Each structure stands twice: as structure tokens, then as C-alpha cells.
Amino acid sequence: MTELGEPDAAGPYERPDEVGVGAWPGEWPDDPRYDPALLAEGDRRNVVDHYRYWTVEAIRADLDTRRHPLHVAIENWQHDLNIGSVVRTANAFNVAAVHVVGKRRWNRRGAMVTDRYLHVQHHPDVDDLAAWADAERLPLLGIDNTEGSVPIETADLPRACVLVLGQEGPGLTPAAREACATTLSIAQFGSTRSINAGAAAAVAMHAWVRQHAGRG
Ligand SMILES: C[S@@+](CC[C@H](N)C(=O)[O-])C[C@H]1O[C@@H](n2cnc3c(N)ncnc32)[C@H](O)[C@@H]1O
1 MTELGEPDAA GPYERPDEVG VGAWPGEWPD DPRYDPALLA EGDRRNVVDH
51 YRYWTVEAIR ADLDTRRHPL HVAIENWQHD LNIGSVVRTA NAFNVAAVHV
101 VGKRRWNRRG AMVTDRYLHV QHHPDVDDLA AWADAERLPL LGIDNTEGSV
151 PIETADLPRA CVLVLGQEGP GLTPAAREAC ATTLSIAQFG STRSINAGAA
201 AAVAMHAWVR QHAGRG
């Protein structure tokens, strides 16, 4: 069935105006991945059909078995509202983790609870992120359209890496630019200086996906 709740012949009862599925019809499956509360009440979460009725823990564990070696970091010095959207997209592309650099607290609204299904790691400053990346042997790649940046459209992205985004207003801090091996820009053609960090993160992650996802 679709996310819009279209009925499917074999599936549980659907209301076309609701997302997801209703209560499990008939005898319940004997599988610890299923959540009894969801089986009883239905599953209206924004999850792909494969995970319908699964517990959050079971979904997260399953995603853990096939996460991409891509990490995304975003600076958070002023409670950037884009972080929720970055987390949601990072979940969709099943990245290894999202790293929040700066303030620990971030606005979860845009994440639409997707933060429950992936790893979000906090770093108090860029030095801490850089030390972690160094220990993991992961290059930091800045994403910004600052002078000297390289077009992401034609760049070869490493398979294992960290894409580092700046925040609305200031963009990447000097410390972050310094820590990054290179900085990649997204081509623009209009009058605005930049797109928002959430949109830039999605474009950058997808550039990586086009080069590496689904390959061994
Ligand atoms: C709204 S931008 C602010 C900074 C931007 N350098 C400026 O001059 O307006 C916030 C963040 O979004 C990302 N971003 C926005 N537009 C971008 C672009 N065209 N290329 C790469 N990153 C971009 C960068 O990570 C940037 O730090």
C-alpha cells in the first residue's frame, strides 16, 4: 500500500484519508520486531511499508546493518532551524550519523521524529569534530559557496566522508573551513546569495548518493 493509505487487496483495513495502516487483522505475527501497541491500534507513522508495525528499536537496528559510510555535520551556534530538516533527509538516505557542532540543543520539529531512527552525535566545537573525524580516518568536506570552493557537480566525493554545513547567516565558521580538506559549492543561477542549509544538505547528500549508493 502507499504512504497515502491506499488500500491493497491483502493488507489491513485502510481509511483513504489517513496515512499508514490500521490494526493488524486476524492472528498477530509471532515476531519480536512487531510492536503490540501498533498491531492493536494501527501504524500511522511516516515509515516505509517494510517497517509497518515494527518497534522503533527494531527499525533502528535494521537500518544500522546497512548505513552508508557518509556522515553529515552542521554547525549550531544559534539554534539553527535547519537541523531538523537535515536529520530527516539524513534518515531518508540512511547516513551513518548526523553531527551537531556547537550548541547541544536543536529544534527537533523539522525532523518529524526521524531522529529516533538514526545516530545524532554532539560535538562542542569544530576541534572536537575534527579530532573525532581524524580518529575515524574520515575527511571533512565543507559545503559552502565561499571563495575558492569547488563545484560539487563535478567533484569526486570520497565514499567515506563527513559533509560539513554552516548555518543560516554566517555560513561555515573560519574554524570549520580550516578543518575541512576542501569546500564544495552548489551551483546557483538566481539572485539569492545562498539556499538554506537544509536544502544544501539535501543536494550535497544526493550528490554523494549518485556517486556511491548501492555500490559495494
Ligand atoms: C544560508 S547559507 C549562509 C552562508 C552563505 N555562504 C552566504 O553567503 O549567504 C547556510 C549554509 O547553507 C549551505 N549553503 C547554502 N547555499 C549553498 C551553496 N550554494 N553551495 C554550498 N552550500 C550552500 C552552506 O553550508 C552554508 O554555510
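In this text, residue positions in the sequence shown follow this note's numbering: the first is 1, and each later residue adds one. Note that the Cβ used here is the ideal one computed from N, Cα and C, for glycine as well. All of these numbers come straight from a predicted model, not from anything done at the bench.
- At a cut-off of 4 residues, the continuous stretches assigned as alpha helix (DSSP H) that sit fully inside the region 110-147 are 126-135.
- The three-state reading of DSSP puts Thr89 in helix, counting H, G and I together.
- Between Ala40 and Arg116, the alpha-carbon positions lie close to 22 Å from each other.
- At least one heavy atom of ligand 1 lies less than 8 Å from the C-beta of Ser149.
- When secondary structure is reduced to three states using DSSP, Ile83 falls in the helix class.
- For Ala197, the enclosing alpha helix (DSSP H) has its first and last residue at Ala197 to His212.
- Note on geometry: alpha-carbon atoms of Val203 and Ala179 lie some 22 Å from one another.
- For Ala73, the enclosing beta strand (DSSP E) starts and ends at Leu70 to Asn76.
- Counting only runs of 3 or more residues that sit fully inside the region 145-184, the beta strand (DSSP E) segments are 161-165, in chain order.
- Among the bridge pairs identified by DSSP, Gly102 is matched with Asn76.
- The beta-carbon distance between Ala73 and Leu165, rounded to whole angstroms, is 7 Å. This is short enough to meet the 8 Å contact definition.
- Here Ile186 really is in contact with Ala200; their C-beta atoms are around 6 Å apart, less than 8 Å.
- Proximity of the beta carbon of Thr146 to ligand 1 is indicated: a heavy atom of the ligand is located closer than 8 Å.
- Closest by C-alpha distance to Arg44, out of Ala197, Pro32, Glu153 and Ala23, is Ala23.
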